[in-house]
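Participant: In terms of the working numbering, the sequence shown opens at residue 392 and continues consecutively. Idealized CB from N, CA, C, for every residue including glycine. Keep in mind the model is a prediction, meaning the values are calculated, not measured.
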Amino acid sequence: MTRRLFYILIIITSFNLKGFSQDDTWTKSNITDEMTLNPEQNKNWRMGQNKYSAKPKNAWELGVHFGHFFIDGDVDRTIPGGYGLGLHLRKAIHYVFSLRGDFFYGVAKGIDPQSWSHQNLGGGLVEGLYDKYSNLPSGWHPSHRTQYGYLSMQAVINIGNLLFHKERNKWNWYTALGVGLSSHKASLDLYDASGNAYDVSGITGDFDTKAGRKDIVNQIKDIYDGKYETEGYKKKVYSE
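1) Assuming Leu490 and Leu453 are in contact, meaning their beta carbons sit under 8 Å apart, how far apart are those beta carbons, in whole angstroms?
2) Tell me the DSSP secondary structure of Gln440 in three-state form.
3) Does DSSP put Asn549 in a helix, a strand or coil?
4) How close, in whole Å, do the beta carbons of Ala445 and Thr427 come, if the pair is a contact with beta carbons under 8 Å?
5) Which class does Val608 belong to by DSSP, given the choice of helix, strand or coil?
6) Leaving aside the five residues before and after Phe598 along the sequence, list all residues of the same chain whose C-beta is less than 8 Å from its C-beta, in chain order.
7) Could you work out which residue in Glu425, His509, Asp465 and Val487 is closest to Val547 when comparing CA atoms only?
8) Just verifying my parser: in three-state terms, what is the DSSP assignment at Asp493?
9) For Gln510, name the three-state secondary structure that DSSP assigns.
10) Any idea what DSSP makes of Ala450, helix, strand or coil?
11) Would you tell me roughly how many angstroms separate the C-alpha atoms of Val591 and Gly501, rounded to the nearest one?
12) In angstroms with no decimal places, state the Cα-to-Cα distance between Ala483 and Lys448.
13) Can you name, in chain order, every residue of its own chain whose Cβ lies under 7 Å from the Cβ of Trp507, other than the five neighbours on each side?
14) Which whole-angstrom value describes the C-beta separation of Tyr474 and Val498, a residue pair presumed to lie in contact below a C-beta threshold of 8 Å?
15) Relative to the C-alpha of Leu568, which residue among Gly519, Tyr443, His459 and Gly492 is closest?
16) Relative to the C-alpha of Asn549, which residue among Asn429, Arg468, Lys626 and His485 is closest?
17) Output the boundary residues of the beta strand (DSSP E) element that contains Tyr589.
18) If you draw a straight line from the alpha carbon of Lys576 to that of Gly540, how long is it in whole angstroms?
19) Could you spell out where the beta strand (DSSP E) holding Lys482 opens and where it closes?
20) Find the nearest neighbour of Pro528 within the set Lys601, Asn511 and Ser543, judged by alpha-carbon distance.
21) Could you tell me the distance, in whole angstroms, from the CA atom of Asp616 to the CA atom of Arg536?
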């Protein structure tokens, strides 16, 4: 469970290629002469005396992205149950080259309609924090909340501007190469308010159907207190 649940938690390097298309409608540019590297050329372009507009000055770009964040692992994701929010700051260094810093933070939740049993009962709950479930045949329905964040720095190349400079590009391609760091914290709703294992022996339903799984999850929510009081088990770090 732990390995698959946190498979996205890595030191990341990324390479991506993006393409953007626009329709054939041409509207007047909002860039003024003073916003370009050659105001005189841009002025002549506006007056029809030059075929091309001047190149714009290097600029800053601030972006915001957000949406639903979830982990597709051993434990069923909760929908809706997670969110992600990110910011990026981009600085143009050259007409075709820029640097972009990216930050992301997200919280994902999940509840498993299938119970997991202790190793004494033939199950896979082997770490010490599950010992209170060693004598409960009904087991434990995993319920987690995972906080995840990353920082990255990317070099972005505008291929469209690299290949040509023309009145407009119907297609514009970007490529980026970067490196980043990520971190996470996983918490489990493992015990009740008194620190005791949950008794889920009264839960009924067929987890082999969508409706059955939904019903089981609702029963779990009625029993669990929704407090993620236990830190998830961490693997030991390699010494060499």
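Facilitator: Well, looking at it:
1) Contact flag wrong, Cβ pair sits at about 14 Å.
2) coil
3) strand
4) 4 Å
5) helix
6) Pro504, Gln505, Arg604 and Ile607
7) Val487
8) strand
9) helix
10) coil
11) 17 Å
12) 9 Å
13) Gly514, Gly515, Leu516, Gly530, Trp531 and Pro533
14) 6 Å
15) Gly492
16) His485
17) Note, Tyr589: premise wrong, no beta strand (DSSP E); not H, not E.
18) 9 Å
19) Tyr474 to Ala483
20) Asn511
21) 13 Å
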